[in-house]
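Peer 1:
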Amino acid sequence: MSADRPTGVYLCRGCGIGECLDVDALAAAADGAAVTRTSAAFCLEDAQLITQDVAEQGLGSVVIAACSPRVNRQVFNFPPATVRRVNWREQVAWSHPAGEPATEELARDLLQMGLASARHTKPPTPYTPDHERSTLVVGAGPAGLSAALAAAEAGHAVTLVERAPEAGGFLRRIHRGYPTRAEALDTLVAWDTDDLVQRVTAHPRVTLLTSTTVTGISGQPGRFRVTLEGQASELVVGAVVLATGFEPVGPEHFASYGLGRLPDVVTSVQMEELAAAPEIRRPSDGRAVRRVVLLACDGPADAGNLPYGGSVASMVALKQAMYVRQRNPEALVFLVYEDMQTPGLEELYYRFVQQQRGVFMVRGHVSQVTEGGDGALLVTAQDSVLARELQLEADLVVCSVGMVPTSAAQLAAPASPHLQYLQGETLPLHRAGFLDSNFLCFPFETRRTGVYAAGCVHRAQDVAASRRDGAAAALKALQVVEKASQGAAVHPRVGDLGLPEFFMQKCTACGRCTQECPFGALDLDDQRHPQLNPNRCRRCGICMGACPVQVISFPDYSVEMLGAMQKAVDLPEDDDRPRILVLACENDAYPALDMVGINRRQYPAHLRVVPVRCLGSVNAVVVADAVQRGYDGVALLGCRSGENYQCHFIQGSELLGTRMSNVRETLGRLALEEDRVQVLETSIADAHRLPEVLSAFAEGVVALGPNPMKGF
Amino acid sequence: MAGSSPGSSTSDSILVVGGGIAGITAALEAAEAGAQVFLVEKGPHLGGRVAQLARYFPKLCPPTCGLEINFQRLRDNPAVRLFTMAEVQEVQGRAGRYRVTVRRRPRFVNDRCTACGACTEVCPVSRPNPFDYGMSTTKTIFLGHEMAFPMRYAIDADSCLFDECARCVGACPYQAIDLHMGEETIQLEVGAVIVATGWQPYDAQAITNLAYGHYPDVVTNVMFERMLADNGPTQGRLLRPSDGSPVQSVAFVQCAGSRDRLHLAYCSSICCLASLKEASLLLERNPQARAHVFYIDLRTPGTYEAFASTVLDDPRVRAVKGKVADILADPQSGRLVVVADDMVSGEMSRTAVDLVVLATGMVSSLDADRPAGAIATEAFGFVAEEGGEGGIFAAGCARAPMDVASTTLEATAAAMRALAAVRRDPVEVGA
Chain D
0 MSADRPTGVY LCRGCGIGEC LDVDALAAAA DGAAVTRTSA AFCLEDAQLI TQDVAEQGLG
60 SVVIAACSPR VNRQVFNFPP ATVRRVNWRE QVAWSHPAGE PATEELARDL LQMGLASARH
120 TKPPTPYTPD HERSTLVVGA GPAGLSAALA AAEAGHAVTL VERAPEAGGF LRRIHRGYPT
180 RAEALDTLVA WDTDDLVQRV TAHPRVTLLT STTVTGISGQ PGRFRVTLEG QASELVVGAV
240 VLATGFEPVG PEHFASYGLG RLPDVVTSVQ MEELAAAPEI RRPSDGRAVR RVVLLACDGP
300 ADAGNLPYGG SVASMVALKQ AMYVRQRNPE ALVFLVYEDM QTPGLEELYY RFVQQQRGVF
360 MVRGHVSQVT EGGDGALLVT AQDSVLAREL QLEADLVVCS VGMVPTSAAQ LAAPASPHLQ
420 YLQGETLPLH RAGFLDSNFL CFPFETRRTG VYAAGCVHRA QDVAASRRDG AAAALKALQV
480 VEKASQGAAV HPRVGDLGLP EFFMQKCTAC GRCTQECPFG ALDLDDQRHP QLNPNRCRRC
540 GICMGACPVQ VISFPDYSVE MLGAMQKAVD LPEDDDRPRI LVLACENDAY PALDMVGINR
600 RQYPAHLRVV PVRCLGSVNA VVVADAVQRG YDGVALLGCR SGENYQCHFI QGSELLGTRM
660 SNVRETLGRL ALEEDRVQVL ETSIADAHRL PEVLSAFAEG VVALGPNPMK GF
Chain F
0 MAGSSPGSST SDSILVVGGG IAGITAALEA AEAGAQVFLV EKGPHLGGRV AQLARYFPKL
60 CPPTCGLEIN FQRLRDNPAV RLFTMAEVQE VQGRAGRYRV TVRRRPRFVN DRCTACGACT
120 EVCPVSRPNP FDYGMSTTKT IFLGHEMAFP MRYAIDADSC LFDECARCVG ACPYQAIDLH
180 MGEETIQLEV GAVIVATGWQ PYDAQAITNL AYGHYPDVVT NVMFERMLAD NGPTQGRLLR
240 PSDGSPVQSV AFVQCAGSRD RLHLAYCSSI CCLASLKEAS LLLERNPQAR AHVFYIDLRT
300 PGTYEAFAST VLDDPRVRAV KGKVADILAD PQSGRLVVVA DDMVSGEMSR TAVDLVVLAT
360 GMVSSLDADR PAGAIATEAF GFVAEEGGEG GIFAAGCARA PMDVASTTLE ATAAAMRALA
420 AVRRDPVEVG A
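So the protein sequences, as listed, match chains D and F. The numbering of the first sequence is numbering that gives the first Met the number 0, which starts it at 0 and goes up by one. The numbering of the second sequence is numbering that gives the first Met the number 0, which starts it at 0 and goes up by one.
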């Protein structure tokens with residue numbers, strides 16, 4: 000152990016460890032430690048002893064063999080010393096038989112692995128240059144306005160950029176909003192867009208730039224350099240919110256309904272314009288409308304070729320039914336729908352409109368709209384309740400049109416933040432064209448740290464939801480600057496201060512790290528070497544896994560560290576003590592292994608588990624070295640890949656899959672069976688399945704016989 | 000931060016009421032942006048309803064995956080102060096200055112607990128496990144589940160024998176059990192409040208024609224989630240409650256209570272997608288099984304459409320547009336017969352199945368019981384979105400029935416609005 004960073008080793012006997020292992024005997028194995036102590040429970044009063052040792056003996060490194068690193072994180076925190084945890088509780092005492100030599104060997108190896116990782120752990124040097132407590136908001140519709148005001152109120156200086164000559168966005172094209180409160184279903188919401196814009200721009204920290212577009216964004220969270228065209232040409236901001244909204248889907252998708260051909264067939268957007276007049280008049284001859292057919296267009300065949308259904312179409316149709324009824328109490332409205340999409344409290348509005356005199360709900364599918372006699376339109380629908388064809392005469396037909404995010408490739412000129420990033424100008428897109436973000440659990444986490452999507456470019460939603468979305472994206476903007484000011488990572492490794500270091504002398508300028516980084520954190524310098532933008536980095540380690548010459552490492556996570564950990568394991572040569580290296584994703588597979596122990600179930604004691612940040616951070620060399628050294632098998636436990644991926648770093652397990660070809664090559668060269676190394680897809684919910692899966696893998700390895708490389 | 004008027008202080012901390020996915024998200028998002036947060040949870044552990052779900056739709060991924068990340072964020076963040084077993088009793092004041100009274104019930108286990116489990120080995124009392132909706136039992140001293148956070152046991156006061164027994168006290172190696180722990184009242188000063196109190200399943204027994212409580216093989220959707228869960232009462236094996244035989248067919252009865260003026264006038268928003276998800280999990284567990292979904296409208300808005308059509312395109316899934324009138328037992332086969340009005344054919348359909356799953360709706364947790372003072376509820380006990388200069392914000396199903404994806408969005412928005420409220424320049428605070 001290095002003399003300049005003395006190490007303390009603390010071995011706990013609590014929670015059944017003392018009954019399972021001969022802790023005193025194991026303590027003797029921790030050679031080279033400046034201090035070695037045991038305790039009945041280090042997490043209680045004895046934690047003080049560690050604090051004392053760190054202060055008095057100047058320990059630089061603390062190794063604690065006790066419970067899982069997932070628990071007691073605040074208790075076992077001894078700055079300035081770095082801490083390494085050896086999981087003797089969940090993954091030894093709780094999951095293996097007490098008093099058996101194999102269990103003792105496992106505990107000894109895990110301790111040695113912990114000591115090895117401690118030797119390769121350096122304290123991080125946080126990156127904290129100047130940062131800007133400011134946010135650029137692109138798009139001044141409902142989402143952008145809301146983002147701007149919220150960020151400003153919470154302390155950021157905000158530049159709100161709008162392409163159009165005035166702010167307000169789509170809000171200016173909507174006549175009235177539908178009610179959002181159960182108490183006031185009969186009141187349509189009248190927005191005063193000018194007033195709303197005024198309230199935002201009146202904030203002393205908000206600057207609105209209209210008729211302005213963003214032409215380029217470079218840099219990183221805390222310090223993005225923005226170039227613009229219009230009212231300003233340059234800006235430096237801490238974070239970016241993209242709220243460029245949507246376009247209504249083109250009329251060509253509704254040709255069978257006569258849209259674009261018959262003047263009195265209009266879109267729901269045109270209906271908003273018609274409804275702004277004192278009387279709703281049909282476009283062809285200006286006659287006030289008396290019979291209106293509203294097509295909710297909510298059927299799967301009706302989304303205008305969009306790969307998603309309507310989110311607001313049903314509510315808009317219901318609202319527009321009220322437009323007609325309020326103007327002309329004699330008018331009749333037929334609302335044709337397939338599945339009334341009014342989830343939650345919106346159902347109350349559906350009920351309310353349904354009960355209005357003169358409003359008729361027709362459940363069915365519209366097959367065509369044709370010209371009838373006397374300038375009337377004829378709507379033919381299949382009524383699915385009465386199971387018959389129905390013809391409705393109308394003087395106005397309104398098609399609810401879908402929303403296409405301004406980011407979608409199908410648009411002639413998709414909106415782009417013009418990121419000056421090696422990986423491209425725009426954010427990755429969802430298959431439906433929305434700016435992609437982590438769907439479900441962390442909806443604002445994008446793959447471009449510090450650049451967040453809000454409003455209808457994020458997902459199709461109504462005004463109230465867009466406003467919430469804007470506020471939420473603004474929070475992420477504040478957060479990323481807050482973390483940048485500390486030199487700390489944002490989600491999911493929040494607070495991690497370590498950054499990848501590149502040993503450039505050995506770099507071959509292959510560029511693989513820059514391509515595989517899920518967050519576009521790396522650019523290329525003039526020698527085509529990777530150039531890190533530290534505040535874009537999320538510390539997943541995928542660059543480290545990608546590098547074919549292993550020049551990338553973190554202060555507390557490196558190829559050398561993983562190598563030293565596998566080498567710390569004793570590889571016995573007798574046949575009945577096989578050794579299997581398990582590289583387990585610390586987000587999902589490792590907790591699942593813990594839960595096997597928490598449930599007091601058992602798995603083979605031949606396994607040596609090393610937690611990794613992501614399977615994508617596993618360099619092929621780590622696996623190849625292990626088989627070359629004589630491990631009988633290597634199991635890689637990580638998350639599901641593919642479309643419904645669960646990897647917190649998007650494609651880590653997928654990337655590992657492609658790297659496995661290198662490993663198979665090594666196996667081939669050594670004339671070793673491919674089955675010795677396997678990726679076992681493991682989710683966090685697999686705790687109940689894992690003992691069987693691991694036993695089956697171990698049995699398979701045993702059946703192959705010992706690795707002939709052992710002892711070479 | 001400066002006070003709004005001389006001599007009065009404002010608080011820049013935020014109270015989050017409820018430790019489900021909405022509350023956890025709101026608390027963490029606010030704290031990571033620099034706020035001080037108090038997170039108050041009624042039960043002994045965090046996670047709320049989502050921790051009890053087998054999988055999320057549409058990715059069919061386990062909720063514990065996101066919860067694990069969130070729990071680690073909580074473990075690493077001292078800016079979030081957590082109170083479990085605690086309920087907010089009263090909130091008084093205005094934005095920037097709320098006085099909050101929190102009542103903390105005794106856990107009877109202190110923070111010396113290491114979750115070693117020695118106590119459960121000696122505890123002689125079993126009780127129905129609320130985490131499994133009564134389909135399994137735990138000891139009276141228990142850990143909510145294998146991923147419980149905080150990882151500390153608690154004692155169920157209703158079933159514990161206390162001093163009459165006290166065996167756990169002697170068995171605990173760490174003096175972590177205190178059977179005489181008392182109730183506490185905690186006063187907090189906060190600048191903003193996020194209400195994330197979530198929902199309760201509607202009482203299925205109130206829908207008499209659907210025979211819940213009458214036939215053991217009629218279960219609710221939340222129970223079926225537990226039956227599907229790997230950490231559920233049967234480790235995810237689908238067995239009929241009546242006789243333990245494997246489930247070969249399931250009828251999903253949509254709108255069990257929802258969209259019905261006799262029960263819940265509103266739509267519960269998630270049940271269509273939840274049932275489609277449960278149908279696909281059923282087929283994953285038992286590829287020979289059949290699912291029948293009885294619905295009024297299939298509410299699968301936006302990008303959920305793709306997921307819905309994948310499930311509905313499966314020939315093993317039959318969707319029937321129509322309301323279920325009756326559930327009867329077939330005494331000969333021991334199966335249940337679902338009688339429904341098929342709106343497309345216009346006839347009454349009779350479908351024999353092994354298990355009936357009622358898609359019971361959501362009731363706001365605040366419907367029956369809400370804290371005194373400033374937290375106001377509207378129709379059906381949901382909290383209105385506060386506009387303007389107020390300091391009380393709702394997130395998730397406390398505001399309206401919604402799915403998890405919307406909940407995490409709204410919780411983040413509520414965190415921002417709360418942060419803006421506590422940081423807003425005093426001059427802007429409504430006098």
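Ideal placement from N, C-alpha and C gives every residue a C-beta, glycine not left out. This structure is a prediction, so every number in the text was calculated from the model and none was measured.
Which residue wins for smallest C-alpha separation from D:S557, given the options D:V611, D:S366 and D:C42?
Peer 2: Here residue 557 of chain D refers to the residue found at position 558 of the first sequence. Cα-wise, what sits closest to D:S557 is D:V611.
Peer 1: Where do the N-terminal and C-terminal ends of the alpha helix (DSSP H) with D:R175 fall, by residue?
Peer 2: Within the first sequence, numbered from 1, the residue matching residue 175 of chain D stands at position 176. No alpha helix (DSSP H) contains D:R175, which DSSP labels as neither H nor E.
Peer 1: Throw me the rounded Cβ distance for the D:D468 and D:G449 pair, which I believe falls under 8 Å.
Peer 2: Position 469 of the first sequence, counted from the first residue, corresponds to residue 468 of chain D. Position 450 of the first sequence, counted from the first residue, corresponds to residue 449 of chain D. Actually they do not touch by this definition, with Cβ atoms about 17 Å apart.
Peer 1: Under a CB-based cut-off of 8 Å, is D:S399 close to chain F?
Peer 2: In the first sequence, counting from the first residue as 1, residue 399 of chain D sits at position 400. For D:S399, the answer is no, since every Cβ of chain F falls outside 8 Å of its Cβ.
Peer 1: Rounded to a whole number of angstroms, what is the C-alpha to C-alpha distance between D:H528 and F:R93?
Peer 2: As a working note, residue 528 of chain D is residue 529 in the first sequence. As a working note, residue 93 of chain F is residue 94 in the second sequence. Rounded to the nearest angstrom, the two C-alpha atoms are 56 Å apart.
Peer 1: State buried or exposed for F:D216, treating a residue as buried only when at least 16 other CB atoms are found within 10 Å of its CB.
Peer 2: Your numbering for residue 216 of chain F matches position 217 in the second sequence. So F:D216 counts as buried.
Peer 1: Can you list the residues of chain F that D:R713 reaches, using a CB-CB cut of under 7 Å?
Peer 2: Residue coverage of chain D in this structure runs from 0 to 711, which leaves residue 713 of chain D outside it and unanswerable.
Peer 1: Out of D:L344, D:P125 and D:L654, which has the shortest C-alpha to C-alpha gap to F:P400?
Peer 2: Start at 1 with the first residue of the second sequence, and residue 400 of chain F comes out as number 401. The candidate whose alpha carbon is nearest that of F:P400 is D:L344.
Peer 1: Report all residues from its chain with a CB closer than 6 Å to the CB of D:F696; omit the five preceding and five following residues, and keep chain order.
Peer 2: Within the first sequence, the letter at position 697 stands for residue 696 of chain D. A634, listed in sequence order.
Peer 1: Under 8 Å between the Cβ atoms of F:R225 and F:M134?
Peer 2: Residue 225 of chain F sits at position 226 when you count from the first residue of the second sequence. Residue 134 of chain F sits at position 135 when you count from the first residue of the second sequence. Going by C-beta atoms, F:R225 is nearer than 8 Å to F:M134.
Peer 1: Of the residues F:P330, F:I20 and F:L280, which one's Cα is nearest the Cα of F:V403?
Peer 2: If you number the second sequence from 1, residue 403 of chain F lands on position 404. Among F:P330, F:I20 and F:L280, the Cα nearest to that of F:V403 belongs to F:I20.
Peer 1: Identify every residue that forms a DSSP beta bridge with D:H252.
Peer 2: Position 253 of the first sequence, counting from 1, holds the residue named residue 252 of chain D. Answer is none; D:H252 lacks a bridge partner.
Peer 1: How about the segment 315–333 of chain F and the segment 185–200 of chain F: do they share at least three Cβ pairs that are nearer than 8 Å?
Peer 2: Contact fails: fewer than three Cβ-Cβ distances are below 8 Å.
Peer 1: Can you list, in chain order, the residues of the segment 642–665 of chain D whose Cβ is nearer than 8 Å to any Cβ on chain F?
Peer 2: So the close ones are N643, Q645 and H647.
Peer 1: Rounded to whole angstroms, what's the CA-CA distance from D:C14 to D:A24? Just pull it up for me.
Peer 2: Stepping through the first sequence from its first residue, residue 14 of chain D is reached at position 15. Stepping through the first sequence from its first residue, residue 24 of chain D is reached at position 25. Their backbone Cα atoms lie some 18 Å apart in a straight line.
Peer 1: Could you name the residues of chain F that D:P491 contacts, counting a contact when the two beta carbons are closer than 7 Å?
Peer 2: Working through the first sequence from its first residue, we reach residue 491 of chain D at position 492. Chain F residues near D:P491: I68.
Peer 1: For a cutoff of 8 Å on Cβ pairs, would you count F:L81 as touching chain D?
Peer 2: Mapped onto the second sequence, residue 81 of chain F falls at position 82. Output row for F:L81: interface = no.
Peer 1: Would you decide whether D:T102 is buried or exposed? Buried here means 16 or more other CB atoms lie within 10 Å of its CB.
Peer 2: As a first step, residue 102 of chain D must be located in the first sequence, where it is residue number 103. When all chains shown are included, D:T102 counts as buried.
Peer 1: Determine whether the Cβ of F:N230 lies closer than 8 Å to any Cβ atom of chain D.
Peer 2: Locating residue 230 of chain F in the second sequence gives position 231, counting from the first residue. By this cut-off, F:N230 is an interface position.
Peer 1: The alpha helix (DSSP H) with D:A393 in it runs from where to where?
Peer 2: The residue you call residue 393 of chain D lines up with position 394 of the first sequence. Here D:A393 belongs to no alpha helix (DSSP H); instead the beta strand (DSSP E) covers R387 to A393.
Peer 1: Within 8 Å (strictly less), CB to CB, does F:V403 reach chain D?
Peer 2: Stepping through the second sequence from its first residue, residue 403 of chain F is reached at position 404. For F:V403, the answer is yes, since a Cβ of chain D falls inside 8 Å of its Cβ.
Peer 1: What residues from chain D crowd round F:K58, counting only those whose CB sits closer than 8 Å?
Peer 2: Here residue 58 of chain F is taken as the residue at index 59 of the second sequence, counted from 1. What F:K58 touches in chain D: F438, L439, N643 and Q645.
Peer 1: Tell me which residues share the same chain as D:T37 and place their Cβ nearer than 8 Å to its Cβ, disregarding the 5 neighbours each side in the sequence.
Peer 2: Numbered from its first residue, the first sequence carries residue 37 of chain D at position 38. Within the same chain, D:T37 has close Cβ partners Y9, L10, C11, R12, V22, D23 and A26.
Peer 1: First and last residue of the beta strand (DSSP E) that includes F:A255?
Peer 2: In the second sequence, the residue the question calls residue 255 of chain F occupies position 256. First-last of the beta strand (DSSP E) with F:A255: S248 to A255.
Peer 1: Would the segment 566–584 of chain D and the segment 71–86 of chain D be scored as touching if the rule is three or more Cβ pairs under 8 Å?
Peer 2: The segment 566–584 of chain D is not in contact with the segment 71–86 of chain D.
Peer 1: So is D:A702 buried or exposed if we call it buried at 16+ other beta carbons inside 10 Å?
Peer 2: The residue labelled residue 702 of chain D in the question sits at position 703 within the first sequence. Exposed, by the Cβ-count rule.
Peer 1: Express the C-alpha separation of F:C254 and D:S366 in angstroms, rounding to a whole number.
Peer 2: Numbered from its first residue, the first sequence carries residue 366 of chain D at position 367. Numbered from its first residue, the second sequence carries residue 254 of chain F at position 255. So the two alpha carbons sit approximately 29 Å from each other.
Peer 1: Between the segment 200–219 of chain F and the segment 357–366 of chain F, can you find at least three pairs of beta-carbon atoms closer than 8 Å?
Peer 2: Yes, the segment 357–366 of chain F is in contact with the segment 200–219 of chain F.
Peer 1: Going by DSSP in three states, D:I649 sits in which element: helix, strand or coil?
Peer 2: Counting from one through the first sequence, the residue named residue 649 of chain D turns up at place 650. In the structure shown, D:I649 sits in coil (DSSP, three-state: anything other than H, G, I, E or B).
Peer 1: What residue range is occupied by the uninterrupted beta strand (DSSP E) comprising F:Y97?
Peer 2: Taking the second sequence and counting its residues from 1, one reaches residue 97 of chain F at position 98. Element bounds for F:Y97: R96 to R103.
Peer 1: I want to see whether chain D comes within less than 8 Å of F:T184, judged by CB atoms only; does it?
Peer 2: The sequence position of residue 184 of chain F within the second sequence is 185, counting from 1. Chain D, which has no Cβ nearer than 8 Å to the Cβ of F:T184, makes this no.
Peer 1: DSSP has F:I206 in a bridge; who is on the other side?
Peer 2: Taking the first residue of the second sequence as 1, we reach residue 206 of chain F at position 207. According to DSSP, F:I206 bridges with nothing at all.
Peer 1: If you measure from the beta carbon of D:M564 to each beta carbon in chain F, is any gap under 8 Å?
Peer 2: In the first sequence, residue 564 of chain D corresponds to position 565, counting from 1. No, D:M564 does not count as interfacial toward chain F.
Peer 1: Which chain D residues are close to F:P400, counting only those with a beta carbon under 8 Å from its beta carbon?
Peer 2: To locate residue 400 of chain F, count along the second sequence from 1; it is residue 401. The answer, in chain order, is P342, G343 and L344.
Peer 1: Which residues in chain D sit within 9 Å of F:Q199, going by Cβ to Cβ distance?
Peer 2: Indexing the second sequence from 1 puts residue 199 of chain F at position 200. By Cβ distance, chain D contributes nothing, its closest Cβ being about 16 Å from F:Q199, past 9 Å.
Peer 1: Helix, strand or coil for F:V403 per DSSP?
Peer 2: Sequence index remark: in the second sequence, residue 403 of chain F carries index 404 (1-based). Looking at F:V403 - three-state DSSP - the assignment turns out to be helix.
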